[in-house]
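In our numbering, the protein residues as written are 27 to 315. Glycine residues also receive a C-beta, built at the ideal position from the N, C-alpha and C atoms. Model, not experiment: these values are computed from the prediction. Report on the structure given below.
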Amino acid sequence: MAAGMSLRRRKAVEAGSKGGWRLATPGVVWLILFFVIPLLFVLGVSFLSRGARGVIELPITLDHYARVFQVYVPVLWTSTWVSVLTTVICLLIGYPLAFFISTQKSAAVRNITLFLVILPFWTNFLVRTYAMQTILAREGLINEFIVGLGGEPLTLLYTPFAVVLGLVYGYLPFMVLPIYAAAERFDFKFVSAAHDLGANDWRAFWRVVFPMTLPGVVAGCILVFVPCLGTYITAELLGGESVLMIGKLINDQFISDRNFPRGSAVSMVLMGLVLIALIFYVRYGNRER
């Protein structure tokens with residue numbers, strides 16, 4: 027009888043697995059057609075040469091990748107440190123905000139604060155970036171306030187500060203929401219147990235609260251870091267010529283220089299950086315679970 031139940035259970039699992047693959051087939055086909063195949067095409071172009079008037083032609087060469095790692099290293103470094111700094115700032119702001127929202131006993135207050143977090147998504151990202159550009163301009167709201175107090179206007183726009191501020195403003199909700207999801211499931215009885223064992227608030231936070239909400243922190247960091255790494259609009263409108271990031275470099279190679287092989291090579295390097303971040307997330311997340 028036990029053998030019969032085991033056989034039926036195995037058949038049910040196999041049937042469920044087959045049904046799952048059938049349900050996933052449209053999504054898999056979509057990804058292959060509109061992600062894998064174009065990505066392979068870009069990868070192939072990155073090894074070709076640029077001919078007259080931007081024509082892609084043979085021979086196969088590695089010069090574009092060599093130029094990326096010889097000439098464009100400062101751009102890679104700038105993109106990386108801006109993305110890391112933005113992620114850290116979003117974490118410092120988003121973690122306490124997410125905990126504040128999750129610990130509200132009133133459902134109305136919790137829903138209103140969550141609504142305020144996602145409210146910026148109701149406006150196009152480009153429009154929000156233009157709004158930030160207006161605020162940071164020399165005649166913008168911040169400088170008008172400073173001049174009204176008797177000070178001198180500051181150069182805020184077209185600086186790394188403006189780019190980081192714009193990225194934090196744009197991607198902060200991506201940090202808050204995953205941490206909120208993790209914090210909402212946290213049982214504060216563990217904190218009481220830590221206090222009973224002699225831990226103070228600081229030690230209880232680092233030994234109990236933070237490790238148990240770490241999956242949300244890691245997910246939020248990836249969701250902020252990855253789009254910041256390849257951002258174009260924010261760097262273009264708020265950084266100008268003073269902040270050259272990978273997204274702007276790719277645009278310049280494709281649009282301005284019409285050097286499709288080199289632009290493809292830079293794109294593949296960016297994809298490699300994103301892949302490293304995702305591998306870190308998958309391995310670290312699995313270890314935490």
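* Asked: Does DSSP put Ile86 in a helix, in a strand, or in coil?
  -> coil
* Could you tell me the distance, in whole angstroms, from the CA atom of Ala291 to the CA atom of Ala92? => 9 Å
* How would you label Pro85, buried or exposed, when you count the other beta carbons within 10 angstroms and need 16 or more for buried? -> Result: exposed.
* Asked: What's the call for Asn169, buried or exposed, on a 16-neighbour Cβ count within 10 Å?
  -> buried
* Alpha carbon to alpha carbon, what distance is there between Ile205 and Leu123? -> 9 Å
* Asked: Based on the DSSP output, what are the partners of Ser75 in its beta bridges?
  -> Looking at the DSSP assignment, Ser75 forms a beta bridge with Glu83.
* To do: Could you tell me how far apart the beta carbons of Ala209 and Gly242 are, in whole angstroms, since I believe they sit closer than 8 Å?
  => 7 Å
* Smallest Cα separation from Leu296: which of Glu83, Phe286, Ile82, Ile276? -> Ile276
* Asked: Can you tell which of Gly246, Leu88, Ala163, Val217 has the C-alpha that lies nearest to the C-alpha of Arg233?
  -> Val217
* Asked: If Leu4 sits next to Leu162, beta carbons under 8 Å apart, how far is it from one beta carbon to the other, in whole angstroms?
  -> Residue 4 lies beyond the residue range present for the chain, which begins at 27 and ends at 315; the question has no answer from this structure.
* Asked: Helix, strand or coil for Thr257 per DSSP?
  -> coil
* Asked: In angstroms, rounded to a whole number, what distance separates the CA positions of Ile127 and Tyr307?
  -> Roughly 25 Å separates the two Cα atoms.
* In chain order, what residues of the same chain have a beta carbon less than 7 Å from the beta carbon of Thr260, not counting five sequence neighbours either side? -> Thr155, Val189, Gly192, Leu193, Gly196
* In three-state DSSP terms, what is Tyr195? -> helix
* Between Met271 and Ser105, is the Cβ-Cβ spacing less than 8 Å? -> yes
* To do: Would you mind working out which of Gly265, Arg164, Pro186, Thr185 sits nearest Gly177, comparing C-alpha positions?
  => Arg164
* Examine the Cβ distances between the stretch 247-258 and the stretch 96-115 and report whether three or more of them are shorter than 8 Å. => Enough Cβ pairs lie closer than 8 Å, so yes.
* What do you get for Gln279, buried or exposed, if any count of 16 or more other CB atoms within 10 angstroms of its CB means buried? -> By the 16-neighbour rule on beta-carbons within 10 angstroms, Gln279 is buried.
* **DSSP-derived helix/strand/coil call for Thr139** => In this structure, DSSP gives Thr139 a helical state, which the three-state scheme calls helix.
* Asked: How close, in whole Å, do the beta carbons of Gly120 and Val202 come, if the pair is a contact with beta carbons under 8 Å?
  -> 4 Å
* **Neighbour-count burial assignment, Ala230, 16 or more Cβ in a 10 Å radius** => buried
* Top-ranked residue by Cα proximity to Leu344, from Leu59, Leu223, Ser293, Pro287 -> No statement about residue 344 is possible, as the shown extent of the chain runs from 27 to 315 and does not include it.
* Starting from Pro122, follow the alpha helix (DSSP H) in both directions and report where the run begins and ends. => Counting along the chain, Pro122 sits inside the alpha helix (DSSP H) bounded by residues 99-128.
* Start and end of the alpha helix (DSSP H) containing Thr181? -> Thr181 -> no alpha helix (DSSP H), and no H or E assigned at all.
* Asked: In terms of residues, what are the limits of the alpha helix (DSSP H) holding Phe60?
  -> Premise fails: Phe60 is in no alpha helix (DSSP H) and is neither H nor E.
* CA-CA distance, Leu142 and Trp148? -> 11 Å
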